[in-house]
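Chemist:
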Amino acid sequence: MEILKSCPCCGSKNYVMSPAFIFPFVSNRIFGQPTIELEKSNLTDIDLRKTLVGTFTFKCGKCYYMGNAIRYSQEQMELLYKGYRDKSYNEERIIFEPSYKERITNLEAQYPYLKEVEKFIEDNTKNIRSILDLGGGSGINCPFRTSKKHSCWVYDLSPCKLVKDIVHWSKNEERRNFDLINCSNVLEHVPSLEDFIKNEILNLDFKYLYIEVPNHEPEKNPTHDVIKKGWHEHINFFTKNSLISLFEKHSLIVIASKFFPEKKEARSTGILLERSS
Ligand SMILES: [Zn+2]
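Residue numbers (numbering that gives the first Met the number 0): 0 to 276.
(1) Is DSSP giving H188 helix, strand or coil here?
(2) Using a Cβ-based criterion (distance less than 7 Å to any ligand heavy atom), does K61 qualify as near ligand 1?
(3) The beta strand (DSSP E) spanning V212 covers which residue range?
(4) Going by the C-beta, is Y64 closer than 7 Å to any heavy atom of ligand 1?
(5) On a CA-only basis, which of R266, S275, T56 is nearest V116? Give me that one, please.
(6) Go to Y88, then tell me how far its alpha helix (DSSP H) extends in each direction, as first and last residue.
(7) If you draw a straight line from the C-alpha of I252 to the C-alpha of K239, how long is it?
(8) For M16, which three-state DSSP category applies?
(9) Over what stretch of residues does the alpha helix (DSSP H) that includes E77 continue unbroken?
(10) The beta strand (DSSP E) with T268 in it runs from where to where?
(11) Ignore the nearest five residues each way along the sequence and tell me which others in A255's own chain have a CB closer than 6 Å to its CB.
(12) In three-state terms, what does DSSP make of K100?
(13) Using 8 Å for Cβ pairs, my map puts D132 next to C151. What's the rounded Cβ distance?
(14) With a threshold of 8 Å on Cβ separation, who are the neighbours of K4 within its own chain once the five nearest residues in sequence on each side are excluded?
(15) Assign F30 to buried or exposed, taking buried as 16 or more other Cβ atoms, counted over all protein chains shown, within 10 Å of its Cβ.
(16) In whole angstroms, give me the CA-to-CA distance for E232 and I210.
(17) Between which residues of its own chain and P111 is the CB-CB distance below 8 Å, once the five residues before and five after are set aside?
(18) Spell out the partners DSSP gives G229 in its beta bridges.
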């Protein structure tokens, strides 16, 4: 487990740290402890029973990236995501977060703006036929999955029943070249962004990369400029500038970006990158 000491996107050391907490479901999974339970102290009249497990919020003063300052280790990530969204995971989470029961169906549905994403990719690229959905779960949100002109694969650490028109891809397979890598709603969960880009993205052969993350652009929505107090499974909040800084270090050039859906309050930020050869 490490603590951020510079911005993981732009590298700036110009940042602020603010006190924050880790949500009980997450601290229970990772540390085996949902809250800190203390007796009322003789030295103070503050009742510290059921204090939440603490962390800090890191906010970059240059690109406005914001994240949980504590970066979980690989082992801790495995504890957090073990059986992700399976029956026992859902039951455990509902104990801490009763409203999760109602949210599960929405979390597993197709994005209502997927056609907009497909049009955005089509308008800004050439000759896309093969697509790998990296971290795509069931593959339900893989662009062009239902088009007969494209071939789609999905790679995900959590074994998951796939939807129609997409097949599993594994690291042992010979095929490593794709026209497009789709990495949608993954980066906000990743503690080591550099390792993820180097080990999971750059060792594939591809021309285009589509990245989508929840929208936290202060310019688009000023309420997103508020410094977060609590951290759950999303540990990275990106602005468009922070994503550009993150990828340009690896010779990935942003060719277009867009907020989705177009006509309502923007829920996601999508950026399309091209690998320079
Ligand atoms: Zn930054």
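Each residue gets a CB set at the ideal place from its N, CA and C atoms; glycine is no exception.
Modeler: Taking the coordinates as given:
(1) For the purposes of this step, residue 188 is taken as the residue at position 189 of the sequence shown. In this structure, H188 counts as helix in the three-state DSSP scheme.
(2) Position 62 of the sequence shown, counted from the start, is the residue given in the question as residue 61. Checking the Cβ of K61 against ligand 1 gives yes.
(3) Here residue 212 refers to the residue found at position 213 of the sequence shown. Note, V212: beta strand (DSSP E), 204-213.
(4) For the purposes of this step, residue 64 is taken as the residue at position 65 of the sequence shown. Yes, the beta carbon of Y64 sits closer than 7 Å to at least one heavy atom of ligand 1.
(5) What you label residue 116 is simply residue 117 of the sequence shown in a count that begins at 1. Answer by Cα proximity: R266.
(6) Position 89 of the sequence shown holds residue 88. Unbroken alpha helix (DSSP H) run through Y88: 86-95.
(7) Start at 1 with the first residue of the sequence shown, and residue 252 comes out as number 253. Start at 1 with the first residue of the sequence shown, and residue 239 comes out as number 240. Each residue's Cα considered, the two are about 13 Å apart.
(8) Reading the sequence shown from its first residue, position 17 is the one you call residue 16. Looking at M16 - three-state DSSP - the assignment turns out to be strand.
(9) Against the sequence shown, residue 77 aligns to sequence position 78. Taken as a continuous stretch (DSSP letters only), the alpha helix (DSSP H) holding E77 covers 73-80.
(10) Position 269 of the sequence shown holds residue 268. Segment 267-274, the beta strand (DSSP E) holding T268.
(11) The count along the sequence shown starts at 1 and reaches residue 255 at position 256. Same-chain partners within the cutoff: N123, L271.
(12) On the sequence shown, residue 100 is found 101 positions in, with the first residue counted as 1. Reduced to three states, the DSSP call for K100 is helix.
(13) Against the sequence shown, residue 132 aligns to sequence position 133. Against the sequence shown, residue 151 aligns to sequence position 152. Yes, D132 and C151 are in contact; Cβ-Cβ is about 7 Å, under 8 Å.
(14) To locate residue 4, count along the sequence shown from 1; it is residue 5. K12.
(15) Position 31 of the sequence shown, counting from 1, holds the residue named residue 30. F30 is exposed by the Cβ-count criterion.
(16) On the sequence shown, residue 232 is found 233 positions in, with the first residue counted as 1. On the sequence shown, residue 210 is found 211 positions in, with the first residue counted as 1. Cα to Cα, the separation comes out at about 18 Å.
(17) As a first step, residue 111 must be located in the sequence shown, where it is residue number 112. Within the same chain, P111 has close Cβ partners P260.
(18) The sequence position of residue 229 within the sequence shown is 230, counting from 1. In DSSP, G229 forms a bridge with F20.
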